[in-house]
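Take a look at the structure below.
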Amino acid sequence: MLDEQAKKTMLRKIPHGLYICGVKEGEELNGFTVSWLMQSSFDPPLVVNCIKKETGSHEMLRKSGVFTISFLESGQKDLAAKFFKPQSRVGNKFADVDFYEGVETGCPIISDSLGYIECKVIASVEEGDHSVFVAQVIGAGIHREGEPLLLESTGWNYGG
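For the sequence shown, this note's numbering puts the final residue at 196, and the numbers step up evenly by one.
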C-alpha cells in the first residue's frame, strides 16, 4: 500500500529549477512558470517539459508545437511568481517585462534571464494530469552569467 505522506515527502526532494516557458499561437503570446524540465538527450539535443493539462498555455503549446525556456537567476523569485497565475485571471503577463520573440519559434524570451533555449516538440505523452512534451532544442543563447533559480530556494513546493 502506498504511504501518501512518504510519497509526497520524497517526490518533493527531487531538485528542480524554475523557468519561464514562452508560447505563441498566432499573435497571442503567453508565459508560465515551469519546474518539471530536464535534458534527455545529447544528440539530438532533447528536453522533456511537463505541462499541466487543462490550461490555456498547454493548449497553445500543443497546437503550435514550439516553446521557449527562459532560465531565471537565483534572485528572480518575484519574476517566477508573476508567471504562476493563469493569463485568463491576470491578463498580459508580459505587459511590464522586457522580452523579445525567438528567431526559431517566435515565442517570447525574457531579456533579463540568464539565457534561453528554443524548442520544437517531437513527441508527447498524455498520461496523468500533466502532458510530457519531448522537444528538440533548435535555438539557444546566453544573456549573462549567474546562478539559476531553484524551486527549493524559494520555499515553494510543486510536487508530491
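Every residue gets a Cβ at the ideal spot worked out from N, C-alpha and C, and that includes glycine.
By the three-class DSSP mapping on this structure, what secondary structure does residue i have?
| i | result |
| --- | --- |
| S189 | helix |
| M37 | coil |
| G92 | helix |
| L97 | helix |
| T141 | coil |
| K156 | strand |
What are the boundary residues of the beta strand (DSSP E) that includes residue i?
| i | result |
| --- | --- |
| Q172 | H166 to I178 |
| L73 | L73 to S77 |
| L197 | The structure shown does not extend to residue 197, since the chain is modelled only from 37 through 196, so no value can be given for it. |
Buried or exposed: where does residue i fall if 16 or more other Cβ atoms within 10 Å of its Cβ makes it buried?
| i | result |
| --- | --- |
| G164 | exposed |
| T45 | exposed |
| F102 | In the sequence under discussion, the amino acid at residue 102 is Val, which differs from the Phe named in the question. Classification for V102: buried. |
If I measure Cβ to Cβ from residue i and keep anything under 6 Å in the same chain, skipping five residues before and after, which residues do I get?
| i | result |
| --- | --- |
| W27 | Nothing can be reported for residue 27: it is not among the residues displayed for the chain, which extend from 37 to 196. |
| Y194 | S71 |
| G182 | E109 and L150 |
For residue i, which residues in the same chain have their Cβ closer than 8 Å to its Cβ, ignoring the five residues on either side in sequence?
| i | result |
| --- | --- |
| L82 | Q75, S76, I158, V170, A171, Q172 and V173 |
| H179 | S147, D148, S149, L150, G151 and Y152 |
| S160 | R98, S167, V168, F169 and V170 |
Original post:
Between the segment 84-91 and the segment 131-141, are three or more C-beta pairs nearer than 8 Å?
Top reply: Per the Cβ contact rule, the segment 84-91 is not in contact with the segment 131-141 (fewer than 3 Cβ pairs under 8 Å).
Original post:
Given 8 Å as the limit, is there contact between the segment 65-79 and the segment 150-157, that is, 3 or more CB pairs closer than that?
Top reply: For the pair of segments examined, the segment 65-79 was found not to touch the segment 150-157: the number of CB pairs separated by less than 8 Å stays below three.
Original post:
If we count Cβ pairs, one from each stretch, closer than 8 Å, do we get three or more for the segment 113-121 versus the segment 90-104?
Top reply: As far as the Cβ criterion goes, the segment 113-121 does not touch the segment 90-104, which means the pair count is below three.
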